[in-house]
Amino acid sequence: MKTAEVLADAFDRIQESVHEAVDGLPAEDLGVQLDSGANSIAWLVWHLARVQDDHVADAAGLEQVWLAQDWAARFGLPFADTETGYGQSAGQVAQVRADAALLTGYYDAVHEQTVGFVRGLDDAALDGVVDEAWSPPVTLGVRLISVIGDDLQHVGQAAFVRGALERR
Numbered sequence: 062m063k064t065a066e067v068l069a070d071a072f073d074r075i076q077e078s079v080h081e082a083v084d085g086l087p088a089e090d091l092g093v094q095l096d097s098g099a100n101s102i103a104w105l106v107w108h109l110a111r112v113q114d115d116h117v118a119d120a121a122g123l124e125q126v127w128l129a130q131d132w133a134a135r136f137g138l139p140f141a142d143t144e145t146g147y148g149q150s151a152g153q154v155a156q157v158r159a160d161a162a163l164l165t166g167y168y169d170a171v172h173e174q175t176v177g178f179v180r181g182l183d184d185a186a187l188d189g190v191v192d193e194a195w196s197p198p199v200t201l202g203v204r205l206i207s208v209i210g211d212d213l214q215h216v217g218q219a220a221f222v223r224g225a226l227e228r229r
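Count along the sequence shown from 1, then add 61; that gives the number in this note's numbering.
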């Protein structure tokens, strides 16, 4: 198995987990915050998709799916189009309201662009620097693994919230 195939497989697993976390839940349940400071499933999935879209598009030199395919307008959130959710308050988390089809539709579009990009990578491309704002500078390989790790944590949190809701 080549490195690009491993990366694509990781993103495929995230996609499967996103669907498992949201499919079949009504929008009301997707927006539930288990306590006043908790993230909802809707926010977690929107956030992980936004971060993946932002980071991968930047590294690949592509336009974000969020803007290119008009997902910002479809969601109609009261945030700047560049917002990814990083550092948002519980009140802002509560403003992310979406049904399962909207959440998975956006994630699937991001996934398609991401996998299309990573499948074309060779190992040498992963050593290329994509962000010099850090010390040491961030390579493409490090950026992709960072996105995968972040996405897995957030989709795991969404699955936890779903389980808590189903046990009520």
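Where is the CB? At the ideal position from N, CA and C, for every residue including glycine.
Quick caveat: nothing in here was measured; it's all calculated off a predicted structure.
What does DSSP give as the partner residues of residue i in its beta bridges?
i	result
Asp192	Val199
Tell me the rounded alpha-carbon separation between residue i and residue j.
i	j	result
Ser97	Ala151	7 angstroms
Gly217	Ala71	14 angstroms
Ala220	Val179	26 angstroms
Arg233	Val199	Absent from the structure is residue 233, since the part of the chain shown begins at 62 and ends at 229.
Looking only at its own chain, which residues have a Cβ that is under 8 angstroms from the Cβ of residue i, when we skip the five neighbours before and after it?
i	result
Gly181	Ala65
Ser101	Leu91, Gly92, Val93, Gln94, Val154, Ala155, Val157, Val222
Ala170	Val126, Gln130, Trp132
Gln76	Tyr168, Asp169, His172
Gly137	none
Within 8 angstroms (strictly less), CB to CB, does residue i reach chain D?
i	result
Phe136	In the displayed structure, chain D is absent; only one protein chain is listed.
Within its chain, find whatever has a CB closer than 7 angstroms to the CB of residue i; leave out the 5 residues flanking it on each side and keep chain order.
i	result
Leu226	Asp90, Val93
His80	Thr165
Ala186	Leu201
Val112	Thr145, Val208, Asp211
Ala110	Tyr167, Tyr168, Val171
With hydrogens ignored, establish whether the beta-carbon of residue i is closer than 7 angstroms to any heavy atom of the ligand ATP.
i	result
Leu163	Summarising the ligand content, the structure contains no ligands, and the ligand ATP is consequently not present.
Give me, in chain order, the residues of the same chain whose beta-carbon lies closer than 6 angstroms to that of residue i; leave out the 5 immediate sequence neighbours on both sides.
i	result
Ala121	Phe178
Inter-stretch contact (C-beta, 8 angstroms, three-pair minimum) for the segment 88–96 and the segment 187–204: By the Cβ criterion, the segment 88–96 is not in contact with the segment 187–204, since fewer than three pairs of Cβ atoms, one from each stretch, lie closer than 8 angstroms.
Complete alpha helix (DSSP H) runs within the segment 79–126 (minimum length 4 residues, chain order): 88–91, 102–121
The segment 120–130 contacting the segment 65–74, beta-carbon criterion three pairs below 8 angstroms: no
The segment 199–208 contacting the segment 126–146, beta-carbon criterion three pairs below 8 angstroms: Counting Cβ pairs under 8 angstroms, fewer than three are found: no touch.
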